[in-house]
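**Student:** One structure is given below, represented as structure tokens, and several questions about it will come after.
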Amino acid sequence: MTRMRAVDAVALILEKEGAAETFGLPGAAINPLYSAMKAHGGIRHTLARHVEGASHMADGYTRSAPGNIGVCIGTSGPAGTDMITGLYAAQADSQPILCITGQAPVAVLDKEDFQAVDIAAVAAPLTKMAKTVLEAGQVPGTFQKAFQLMRSSRPGPVLIDLPLDVQLTEIDFDIDTYEPLPVGKPEATDAQAEKILDMIAAAEHPIIVAGGGILNAAAEDALVEFAELLDIPVSPTLMGWGAIPDDHRLMSGMVGIQTHTRYGNASFLESDLVIGIGNRWANRHTGDLEVYRRGRRFIHIDIEPTQIGRVFAPDYSVVSDAGAALQALLRVARRRRADSGLPDFSAWADACEQRKGTLHRKTSFTDKPIKPQRVYQEMNSVFGKDVTYVTTIGLSQIAGAQMLHVYRPRHWINAGQAGPLGWTGPAAIGVARAKPDETVVALSGDYDFQFMIEELAVGAQHRIPYLHVVVNNSYLGLIRQSQRGFEMDYEVSLAFENINSTGEAAGYGVDHVAVAEGLGCKALRVEDPEQIADGLRQGLDLMREHQVPVVVEVILERVTNIAMGKAIDSIEEFEALAQTAGEAPTALTPLAAPAQTPEVERELEEVR
Ligand SMILES: Cc1ncc(C[n+]2csc(CCOP(=O)(O)OP(=O)(O)O)c2C)c(N)n1
Ligand SMILES: [Mg+2]
Numbered sequence: 001m002t003r004m005r006a007v008d009a010v011a012l013i014l015e016k017e018g019a020a021e022t023f024g025l026p027g028a029a030i031n032p033l034y035s036a037m038k039a040h041g042g043i044r045h046t047l048a049r050h051v052e053g054a055s056h057m058a059d060g061y062t063r064s065a066p067g068n069i070g071v072c073i074g075t076s077g078p079a080g081t082d083m084i085t086g087l088y089a090a091q092a093d094s095q096p097i098l099c100i101t102g103q104a105p106v107a108v109l110d111k112e113d114f115q116a117v118d119i120a121a122v123a124a125p126l127t128k129m130a131k132t133v134l135e136a137g138q139v140p141g142t143f144q145k146a147f148q149l150m151r152s153s154r155p156g157p158v159l160i161d162l163p164l165d166v167q168l169t170e171i172d173f174d175i176d177t178y179e180p181l182p183v184g185k186p187e188a189t190d191a192q193a194e195k196i197l198d199m200i201a202a203a204e205h206p207i208i209v210a211g212g213g214i215l216n217a218a219a220e221d222a223l224v225e226f227a228e229l230l231d232i233p234v235s236p237t238l239m240g241w242g243a244i245p246d247d248h249r250l251m252s253g254m255v256g257i258q259t260h261t262r263y264g265n266a267s268f269l270e271s272d273l274v275i276g277i278g279n280r281w282a283n284r285h286t287g288d289l290e291v292y293r294r295g296r297r298f299i300h301i302d303i304e305p306t307q308i309g310r311v312f313a314p315d316y317s318v319v320s321d322a323g324a325a326l327q328a329l330l331r332v333a334r335r336r337r338a339d340s341g342l343p344d345f346s347a348w349a350d351a352c353e354q355r356k357g358t359l360h361r362k363t364s365f366t367d368k369p370i371k372p373q374r375v376y377q378e379m380n381s382v383f384g385k386d387v388t389y390v391t392t393i394g395l396s397q398i399a400g401a402q403m404l405h406v407y408r409p410r411h412w413i414n415a416g417q418a419g420p421l422g423w424t425g426p427a428a429i430g431v432a433r434a435k436p437d438e439t440v441v442a443l444s445g446d447y448d449f450q451f452m453i454e455e456l457a458v459g460a461q462h463r464i465p466y467l468h469v470v471v472n473n474s475y476l477g478l479i480r481q482s483q484r485g486f487e488m489d490y491e492v493s494l495a496f497e498n499i500n501s502t503g504e505a506a507g508y509g510v511d512h513v514a515v516a517e518g519l520g521c522k523a524l525r526v527e528d529p530e531q532i533a534d535g536l537r538q539g540l541d542l543m544r545e546h547q548v549p550v551v552v553e554v555i556l557e558r559v560t561n562i563a564m565g566k567a568i569d570s571i572e573e574f575e576a577l578a579q580t581a582g583e584a585p586t587a588l589t590p591l592a593a594p595a596q597t598p599e600v601e602r603e604l605e606e607v608r
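In the UniProt record's numbering, the protein residues as written are 1 to 608.
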């Protein structure tokens, strides 16, 4: 046993639990922990410019690779409350982040002491555990439990609040024999897999809805293997995007009322059995449930028992880790293949594959100001298959998800459920920290970019390069579009005559290029559609040369409505659809691939 301050034990535990990447900012009430991290020397810390930014950096770091747990640290009071949005975003998308806050000494906690807010109570509904540790002897155990909780079952964040005197109290602690606690995950049985395969065998048009739980379980290979074994099309959710490569023949396209492809929705509407794995039937995925469910049976596999039946009661459900469920399904399916054979879904799979060559939206616009669709076309052509996209919310995110392509797991990093404006930039810094050798591209609307814009300085100071594509319509675009229902355009414009304007993007208000440069980054502006690709390439070069964040701002036309609707069978289109392959040149499958078999022809006729 070694005698040490509780905070010295914390530093050792962070290292041993593999959570040595921290983001935050010091303050009087957390200085002891900073002194322990300094003395330890093995915990990397990135100094954020806003504590909320630190929480999103930790989140981005977590989402970058299986097993990652980002840590965010702040002092007491407002530092803790600033990180609440980060905890919410992490919890909503089942991401483990550890938030550590300093606190006033135990004796004054109920005396309205300076910055002595009850942060554990504030964070409780947004975390798997939120605890103010009152006894120094409990510090190691609380961290040990925190890591176990974050990793077990449905992953999620934890907050640990450490009063100043508790941090400084000496305890006996032995890191050499400290062991991370076992992590519990429910596992599907073969009997459950048999039932699922019976239901699949009874179906004609099964489809797999692949959720983020598959990425959390690092079960992408098992998913693809199972889909291939049975020839079942797969539609990833927004959180599961990348679980199967976009160009895989069985990837049938995303389904949803916002982030979707038209062929993805069309194929889903043809299905008669939906196998949801590690998904949560999010409302922006299902839209109107009557349409989504009509004529279909549903299987739901999820790690969290209380998720089953939360949105609607499935026909059959299994509580299991997605990876364990897929292994059970593979075991049983292989056995059946050898014994009695598997059902033949090849014609259905072919029809879904053929449909990927239909129903494309036009992207080849040459208008000036630029139409957003063109930006995503150029992004597809410039960024290779290895790019990691980071985004949050807005028309930018929705149109991006309709038109960009994702080929690898964890290469689409999106705060899907909470969608907090400002998440994109700091999360991209967390991702770039985790994957320094990969190309990280953030996608923001102008408003999202302006929230937390100061975090660009973090990237500049710490030399954390990433490319930030800012599509500027000088509007709260998504909200402007939703105000059409109220026949108003009220308090959603960001446009003004900037008195410092140099003439470029006149009337668009904020000069993002000047701000980004002022914060120590490189930035350039594109106003001509023919210059987008060059601008993106130049951005990548600048990023590599200077090792700082680079902003590529694209000036968009101010009003472009993006396709969306209330139900997946009635998405409203506002722009032209592609009539020729050349009008959607970066579509995964060129438009109008000829149908090959009579069965495929019949399926396609129905869609047409
Ligand atoms: C913190 C927060 N406040 C409000 C919202 C609601 N909201 C969603 S999108 C949006 C406007 C986004 O504008 P911009 O980032 O410019 O993207 P655009 O839709 O114009 O592409 C707003 C206000 C939110 N998601 N987060
Ligand atoms: Mg905007």
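C-beta atoms are modelled at their ideal positions from N, C-alpha and C, and glycine is treated no differently.
These numbers come from a predicted model, not from an experiment.
Classify residue 11 as buried or exposed, calling it buried when 16 or more other Cβ atoms lie within 10 Å of its own Cβ.
**Tutor:** Here residue 11 refers to the residue found at position 11 of the sequence shown. So residue 11 counts as buried.
**Student:** Please indicate yes or no: does the CB of residue 446 lie closer than 6 Å to some heavy atom of ligand 2?
**Tutor:** As a first step, residue 446 must be located in the sequence shown, where it is residue number 446. Correct: residue 446 has its Cβ closer than 6 Å to ligand 2.
**Student:** Counting C-beta neighbours from all protein chains within 10 Å, is the total for residue 608 16 or more, i.e. buried, or is it exposed?
**Tutor:** Here residue 608 is taken as the residue at index 608 of the sequence shown, counted from 1. Confidence at residue 608 is low in this model, with a pLDDT of 49, below 50, so its placement is unreliable and no value can be given for it.
**Student:** Given a cut-off of 7 Å, decide if residue 562 and residue 401 are closer than it, judged by their beta-carbon atoms.
**Tutor:** Locating residue 401 in the sequence shown gives position 401, where the first residue counts as 1. Locating residue 562 in the sequence shown gives position 562, where the first residue counts as 1. No. Outside cutoff.
**Student:** Within 6 Å: the Cβ of residue 490 and any heavy atom of ligand 2?
**Tutor:** Here residue 490 refers to the residue found at position 490 when the sequence shown is read from its first residue. No.
**Student:** To the nearest angstrom, how far is it from the Cα of residue 279 to the Cα of residue 69?
**Tutor:** The residue you call residue 279 lines up with position 279 of the sequence shown. The residue you call residue 69 lines up with position 69 of the sequence shown. Roughly 21 Å between the two C-alpha positions.
**Student:** For the beta strand (DSSP E) containing residue 317, name the first residue and the last one.
**Tutor:** Locating residue 317 in the sequence shown gives position 317, where the first residue counts as 1. Its beta strand (DSSP E) spans residues 316 to 319.
**Student:** Confirm the yes/no value for this check: CB of residue 250, any heavy atom of ligand 1, distance under 6 Å.
**Tutor:** One-based indexing of the sequence shown puts residue 250 at position 250. It does not: the Cβ of residue 250 is nowhere closer than 6 Å to a heavy atom of ligand 1.
**Student:** Can you tell me where the alpha helix (DSSP H) with residue 87 in it begins and where it stops?
**Tutor:** Taking the sequence shown and counting its residues from 1, one reaches residue 87 at position 87. Note, residue 87: alpha helix (DSSP H), 84 to 92.
**Student:** When we look at the beta-carbon of residue 57 and count the other beta-carbons within 10 Å, is it buried (16 or more) or exposed?
**Tutor:** Taking the sequence shown and counting its residues from 1, the one referred to as residue 57 is at position 57. Residue 57 is buried by the Cβ-count criterion.
**Student:** Quick check for students: name the residue ranges of the beta strand (DSSP E) that lie wholly in the region 147 to 232, counting only runs of 3 or more.
**Tutor:** The region 147 to 232 contains these whole beta strand (DSSP E) runs: 158 to 163, 170 to 173 and 206 to 210.
**Student:** Taking the alpha carbon of residue 412 as the reference point, which residue from 389, 394, 403 and 395 has its own alpha carbon closest?
**Tutor:** Here residue 412 is taken as the residue at index 412 of the sequence shown, counted from 1. Of 389, 394, 403 and 395, the residue nearest in Cα terms is 389.
**Student:** Looking at residue 415: is its Cβ nearer than 7 Å to the Cβ of residue 104?
**Tutor:** Counted from its first residue, the sequence shown places residue 415 at position 415. Counted from its first residue, the sequence shown places residue 104 at position 104. No, they are not a contact pair.
**Student:** Please tell me whether, using a cut-off of 6 Å, the distance from the CB of residue 419 to the nearest non-hydrogen atom of ligand 1 is below it.
**Tutor:** As a working mapping, residue 419 is identified with position 419 in the sequence shown. Correct: residue 419 has its Cβ closer than 6 Å to ligand 1.
**Student:** Alpha carbon to alpha carbon, what distance is there between residue 345 and residue 595?
**Tutor:** Counting from 1 along the sequence shown, the entry for residue 595 is found at position 595. Counting from 1 along the sequence shown, the entry for residue 345 is found at position 345. Because residue 595 carries a pLDDT of 45, less than 50, the predicted location of this residue cannot be relied on, and the following value inherits that uncertainty. About 17 Å.
**Student:** Tell me whether residue 400 counts as near ligand 2, meaning its Cβ is closer than 6 Å to at least one heavy atom of that ligand.
**Tutor:** One-based indexing of the sequence shown puts residue 400 at position 400. Not under cutoff, so the answer is no.
**Student:** Jot down the residue ranges of each uninterrupted beta strand (DSSP E) in the region 365 to 452, minimum 3 residues, whole runs only, in chain order.
**Tutor:** Counting whole runs of 3 or more residues, the region 365 to 452 contains the beta strand (DSSP E) stretches 388 to 391, 412 to 414 and 440 to 445.
**Student:** Is residue 393 near ligand 1, going by C-beta to nearest heavy atom under 6 Å?
**Tutor:** Counting from 1 along the sequence shown, the entry for residue 393 is found at position 393. It does: the Cβ of residue 393 is within 6 Å (strictly closer) of some heavy atom of ligand 1.
**Student:** Look up residue 559 in the DSSP assignment and say whether it is helix, strand or coil.
**Tutor:** One-based indexing of the sequence shown puts residue 559 at position 559. In this structure, residue 559 counts as coil in the three-state DSSP scheme.
**Student:** Determine the extent of the alpha helix (DSSP H) in which residue 290 is found, giving its start and end residues.
**Tutor:** The count along the sequence shown starts at 1 and reaches residue 290 at position 290. 289 to 293 is the span of the alpha helix (DSSP H), which, as asked, contains residue 290.
**Student:** I need the DSSP call for residue 631, collapsed to helix, strand or coil.
**Tutor:** For the chain, the structure presents residues 1 to 608; residue 631 sits outside this window and is missing.
**Student:** Could you check which residue in 25, 32, 38 and 112 has the C-alpha nearest to that of residue 46?
**Tutor:** As a position in the sequence shown, residue 46 is number 46, starting the count at 1. Minimum Cα distance to residue 46 is reached at 25.
**Student:** In terms of DSSP beta bridges, what is residue 299 paired with?
**Tutor:** The sequence position of residue 299 within the sequence shown is 299, counting from 1. 275 and 316, per the DSSP bridge assignment.
**Student:** With a 10 Å radius around its C-beta and 16 neighbouring C-beta atoms as the bar for buried, classify residue 373 as buried or exposed.
**Tutor:** Counting from one through the sequence shown, the residue named residue 373 turns up at place 373. The residue in question, residue 373, is buried, as its Cβ has 16 or more Cβ neighbours within 10 Å.
**Student:** So the alpha helix (DSSP H) residue 57 belongs to, where does it begin and stop?
**Tutor:** As a working mapping, residue 57 is identified with position 57 in the sequence shown. Residues 51 to 64.
**Student:** Tell me where the alpha helix (DSSP H) around residue 235 begins and ends.
**Tutor:** Within the sequence shown, numbered from 1, the residue matching residue 235 stands at position 235. Not the alpha helix (DSSP H): residue 235 falls in the beta strand (DSSP E), residues 234 to 236.
**Student:** If you drop the 5 nearest sequence neighbours on each side, which residues of the same chain put their C-beta closer than 7 Å to that of residue 569?
**Tutor:** Within the sequence shown, the letter at position 569 stands for residue 569. For residue 569, where only same-chain residues beyond five positions count, the Cβ hits under 7 Å are 269 and 291.
**Student:** How should residue 367 be labelled, buried or exposed, when 16 other C-beta atoms within 10 angstroms of its C-beta is the threshold for buried?
**Tutor:** Translated into the one-based positions of the sequence shown, residue 367 becomes position 367. Looking at its Cβ environment, which holds fewer than 16 other Cβ atoms inside 10 Å, residue 367 is exposed.
**Student:** Rounded to whole angstroms, what's the CA-CA distance from residue 537 to residue 442? Just pull it up for me.
**Tutor:** Translated into the one-based positions of the sequence shown, residue 537 becomes position 537. Translated into the one-based positions of the sequence shown, residue 442 becomes position 442. Looking at the two C-alpha atoms, the distance is approximately 15 Å.
**Student:** Among residues of its own chain, excluding the 5 on either side of residue 16, which ones have a beta-carbon nearer than 8 Å to its beta-carbon?
**Tutor:** Residue numbering aside, residue 16 sits at position 16 when the sequence shown is read from its first letter. Same-chain partners within the cutoff: 175, 178 and 180.
**Student:** Closer than 6 Å: is that where the CB of residue 380 sits relative to any heavy atom of ligand 2?
**Tutor:** For this step, residue 380 is matched to residue 380 along the sequence shown. The answer is no for residue 380.
**Student:** Could you give the distance in angstroms between the alpha-carbon of residue 37 and the alpha-carbon of residue 185?
**Tutor:** Within the sequence shown, residue 37 is the residue found at index 37, counting from 1. Within the sequence shown, residue 185 is the residue found at index 185, counting from 1. Straight-line Cα distance between these residues: approximately 32 Å.
**Student:** Could you tell me if the beta carbon of residue 396 falls within a distance shorter than 6 Å of some heavy atom in ligand 1?
**Tutor:** Counting from one through the sequence shown, the residue named residue 396 turns up at place 396. Result yes, Cβ under 6 Å from ligand 1.
**Student:** How many whole angstroms separate the CB atoms of residue 28 and residue 75, which I take to be in contact at a CB cut-off of 8 Å?
**Tutor:** Position 28 of the sequence shown, counted from the start, is the residue given in the question as residue 28. Position 75 of the sequence shown, counted from the start, is the residue given in the question as residue 75. At roughly 6 Å, the Cβ-Cβ gap stays under 8 Å, so residue 28 and residue 75 are in contact.
**Student:** Out of 347, 314 and 212, which has the shortest C-alpha to C-alpha gap to residue 409?
**Tutor:** Taking the sequence shown and counting its residues from 1, the one referred to as residue 409 is at position 409. Comparing Cα positions, the closest option is 212.
**Student:** Which whole runs of the beta strand (DSSP E) in the region 67 to 134 are 3 residues long or more, in chain order?
**Tutor:** For the region 67 to 134, whole beta strand (DSSP E) runs of length 3 or above, ordered along the chain, are 70 to 74, 97 to 103 and 129 to 132.
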